[in-house]
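Down below is the structure, laid out as structure tokens.
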Amino acid sequence: MQDADYRRLVEDSPLATVLVERATGDGAPGWRATWLNRAAADLFAVPTAPRPVAGLVHPDDLPDVLAALDRGAGGDRTAHEWRFLSGDGGVVTVEVLIGPAGRGADALTLSCWDVTQHVERARDLTHRATHDRLTGLPNRGLLEDRWELARSRARRSGDAPLVAFCDVDDLKQLNDEHGHLVGDRALVRIAERLAGVSRAGDTVARFGGDEFIVLVDTSAEVDPRALEQRLREAVSGVLVDLPDGSRVSVRCSVGLVADDLSESTAEVLARADRHMYEDKRRHRS
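Count the sequence shown with numbering that gives the first Met the number 0 and you get residues 0 to 284, in order.
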């Protein structure tokens, strides 16, 4: 089939189709998108003019795209999921089938289906399943998964994690006096404070109710006493807005321990819990 015949065949197809060809001659090696049908131009919000594949594909996915193009169509009809750059500044996630263009290995067709909404919906469902809806923090299940991974790394490195148990003081009394909306605000503010003083690689999770856990995965360069004090200061005197415009001060009690791989995670948490209650008793004395 001649190029003109192929283009007439798919020009008005609702399936986004891109013709890509290997660059030859004195120019830079690589692949170029030499033609896009109307559906592809609309999907990616770009003109139909030729352009380097590198200018059409998200940089993080480009090595995989180029490797797949270099392998060619062959007999493999595996669908690839890649991110393409949109002319309006966005990113479009597409499922792509690579096919022959009828002119040897140096010309291929990309048949593209927009799966952006599907991917975002799946990501949202995964987030909902692994994060607390009120605070946005990882939930107990995700914490347990990350803790097991941290323990696996610790068995190889000897760098045991640190675990801080944080409990909001008198949350029930706050709920009884001011309502659960105020109590929820307190939990959100505590979550923000704990996340704000934690490192990017640490896990701050809502363990349940008024309890939070901070898991410090790699602790070799962390001073446990300094960390415990930093967490305690972060959740001391947290101000929460009341319906009448005034504010109430809320605080957390904190107990931090080093993980012990000879114990179960439940036993480690029990030790942290005991340290936390010692801190709570100091507040009340």
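Note that the Cβ used here is the ideal one computed from N, Cα and C, for glycine as well. Quick caveat, the model's predicted, so the values are computed rather than measured.
By how many angstroms is the C-alpha of residue j removed from the C-alpha of residue i?
i, j, result
"T134", "A22", "51 angstroms"
"E191", "L136", "9 angstroms"
"L96", "I212", "45 angstroms"
"E10", "G103", "21 angstroms"
"P13", "P51", "23 angstroms"
"A219", "R198", "14 angstroms"
"M0", "V203", "Here the model assigns M0 a pLDDT of 44, short of 50, so the residue's position is not dependable and the matter cannot be decided."
"S85", "H79", "18 angstroms"
"K15", "E94", "For clarity, residue 15 is Ala in the given sequence; the question names Lys instead. In a straight line, the C-alpha of A15 is about 11 angstroms away from that of E94."
"N138", "L238", "24 angstroms"
"D60", "G54", "12 angstroms"
Since residue i is in the beta strand (DSSP E), which residue starts that stretch and which ends it?
i, result
"T202", "T202 to G207"
"V345", "In the structure as shown, the chain starts at 0 and stops at 284, and residue 345 therefore has no counterpart that could be examined."
"S252", "C251 to A257"
"T33", "W30 to L35"
Run through the DSSP bridge pairs and tell me what residue i is partnered with.
i, result
"S245", "Looking at the DSSP assignment, S245 forms no beta bridge with any residue, so it has no partner."
"S110", "T16 and L96"
"W81", "V93"
"I212", "F164 and A204"
"R139", "DSSP output for R139 lists no bridge partner at all."
"R50", "A32"
"R285", "An answer regarding residue 285 cannot be provided, because it is not within the stretch 0 to 284 covered by the chain."
Who are the near neighbours of residue i in its chain, counting only those whose CB is closer than 6 angstroms to its CB and skipping five residues on each side?
i, result
"L35", "V17 and T47"
"L170", "G182 and D209"
"L230", "A163 and V253"
"T217", "D158"
"T92", "R82, V114, T115 and V118"
"R145", "T202"
Over what stretch of residues does the alpha helix (DSSP H) that includes residue i continue unbroken?
i, result
"L170", "L170 to H177"
"D63", "L61 to R70"
"T125", "T115 to T129"
"H57", "Counting along the chain, H57 falls outside any alpha helix (DSSP H), and DSSP gives it neither H nor E."
"E277", "T264 to R283"
Since residue i and residue j are thought to touch, with beta carbons under 8 angstroms apart, how far apart are those beta carbons, to the nearest angstrom?
i, j, result
"M275", "S248", "About 19 angstroms separates the two Cβ atoms, so there is no contact after all."
"H117", "R82", "13 angstroms between Cβ atoms; not a contact."
"T125", "G140", "Their Cβ separation, rounded to whole angstroms, is 12 angstroms, which puts T125 and G140 out of contact at 8 angstroms."
"L68", "W30", "5 angstroms"
"C165", "L142", "With a Cβ gap of about 13 angstroms, C165 and L142 do not count as contacting."
"A233", "V196", "4 angstroms"
Between which residues of its own chain and residue i is the CB-CB distance below 8 angstroms, once the five residues before and five after are set aside?
i, result
"E277", "G254"
Cutting at 7 angstroms between CB atoms, please list the residues of its own chain near residue i, excluding the five before and the five after it.
i, result
"A225", "none"
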